[in-house]
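Q: Just add 68 to the spot in the sequence shown (first one is 1) and you have the working numbering. We put the beta carbon where it would ideally sit given N, CA and C, even for glycine.
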Amino acid sequence: MNFESIIDDAINNKKALRGSFSGPINKDGSKVKIKTIVMKGEAHLQLEMFKDKKAFHENIAMGEAKAKLLYLMSEYKQLFITIDSESYQVFNNKDKIKVISTKTEKSAKALSHDNKKNYIINEGDKVDFLIYLKVMSEDGKVYNKYFDKFRQINKYLEILTRRLTRLILRKRYASWTSAVARHISLLRFIITLRILERWTFTSKVLT
69 MNFESIIDDA INNKKALRGS FSGPINKDGS KVKIKTIVMK GEAHLQLEMF
119 KDKKAFHENI AMGEAKAKLL YLMSEYKQLF ITIDSESYQV FNNKDKIKVI
169 STKTEKSAKA LSHDNKKNYI INEGDKVDFL IYLKVMSEDG KVYNKYFDKF
219 RQINKYLEIL TRRLTRLILR KRYASWTSAV ARHISLLRFI ITLRILERWT
269 FTSKVLT
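(1) Under DSSP, the alpha helix (DSSP H) around Gly131 begins and ends at which residues?
(2) Give the C-beta separation of Glu143 and Asn94 to the nearest angstrom, bearing in mind that I take them to be a contact with Cβ-Cβ under 8 angstroms.
(3) Compute the beta-carbon to beta-carbon distance between Leu113 and Leu140, rounded to the nearest angstrom, for a pair I have assumed lies under 8 angstroms.
(4) Which residue wins for smallest C-alpha separation from Ala129, given the options Val158, Gly192 and Lys108?
(5) In this structure, does DSSP put Glu116 in helix, strand or coil?
(6) Put Ala84 into one of helix, strand or coil per three-state DSSP.
(7) According to DSSP, simplified to helix, strand and coil, what is Asn190?
(8) Rounded to the nearest angstrom, what separates Phe159 and Val106 at their Cα positions?
(9) Less than 8 angstroms between the CB atoms is what I'm expecting for Asp76 and Lys134, so what's the real figure, rounded?
(10) Could you pull the DSSP bridge partners for Asn160 from this structure?
(11) Is Asn212 near the ligand SAM - that is, is its Cβ less than 7 angstroms away from at least one heavy atom of it?
(12) The beta strand (DSSP E) that contains Ile102, what's its start and end?
(13) Report the three-state DSSP secondary structure of Asn127 (helix, strand or coil).
(14) My understanding is that Lys136 touches Ala111, with C-beta atoms under 8 angstroms, so please give their C-beta distance in whole angstroms.
(15) In angstroms, rounded to a whole number, what distance separates the CA positions of Phe218 and Leu232?
(16) Quick check on Ser73: does DSSP put it in helix, strand or coil?
(17) Compare the C-alpha of Leu228 against each of Ile188, Phe215 and Ile199 and name the closest.
(18) Kindly list the residues whose CB is nearer than 6 angstroms to the CB of Leu198, restricted to its own chain and excluding five residues on each side of it in sequence; keep chain order.
(19) Quick check on this structure: which residue in Gly91, Arg234 and Asn80 has the alpha carbon closest to the alpha carbon of Lys162?
(20) For Ala78, which residues does DSSP report across the bridge?
This is the structure we're talking about:
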């Protein structure tokens, strides 16, 4: 069983990897964890290294993963790796690599690294005042040049919603959920007016 051929098979067949290198040959080295993640729809190999009790991450395109894994194997005495549902222990004894197949109860899976932010107003929601202000298109798509403004409006709504929720809970309203919804609607209306006032004033100044 050849370590290089196992890695070739994993990469060529887009299999998920998960494992850890231990026993650094260089005494200054530390344990390295590896796993397959998905970034922007593409598989990458993520390395997690530790220094002074702090974790550092490096994401490598799968086209470069084989070279990195072979290099790490030359720097460590042992690797435990799971590829899909198959697990292996790999030993480096004075540059002689030995692979042993082992059993595992946990398969490797590629984890998504693309975290989508959940906003109060989400992209795709058709919000009249944002469409009027040209922040988003009529189908709810936020224009790139106004995305910072879109995030800022959502941030204000999040802060105000948290405060209103605490206030409503403190007063023990029986129907606090609907009250929050009403307040959010009111806040959206107020923010709309303020934005319109500012943009109207700016337009007058510019003209």
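A: Reading off the structure:
(1) Met130 to Glu143
(2) Sure, about 7 angstroms apart at Cβ, within 8 angstroms.
(3) Not a contact, Cβ separation roughly 10 angstroms.
(4) Lys108
(5) strand
(6) coil
(7) In the structure shown, Asn190 sits in coil (DSSP, three-state: anything other than H, G, I, E or B).
(8) 28 angstroms
(9) 7 angstroms
(10) Ile165
(11) Annotation note on the ligand SAM: not contained in the displayed structure, which lists no ligands.
(12) Val100 to Met107
(13) strand
(14) Wrong, their Cβ atoms sit about 14 angstroms apart, outside the cutoff.
(15) Whole-angstrom Cα-Cα distance: 21 angstroms.
(16) helix
(17) Leu228 has its Cα closest to that of Ile188, out of Ile188, Phe215 and Ile199.
(18) Met204
(19) The candidate whose alpha carbon is nearest that of Lys162 is Gly91.
(20) Bridge partners of Ala78: none, in fact.
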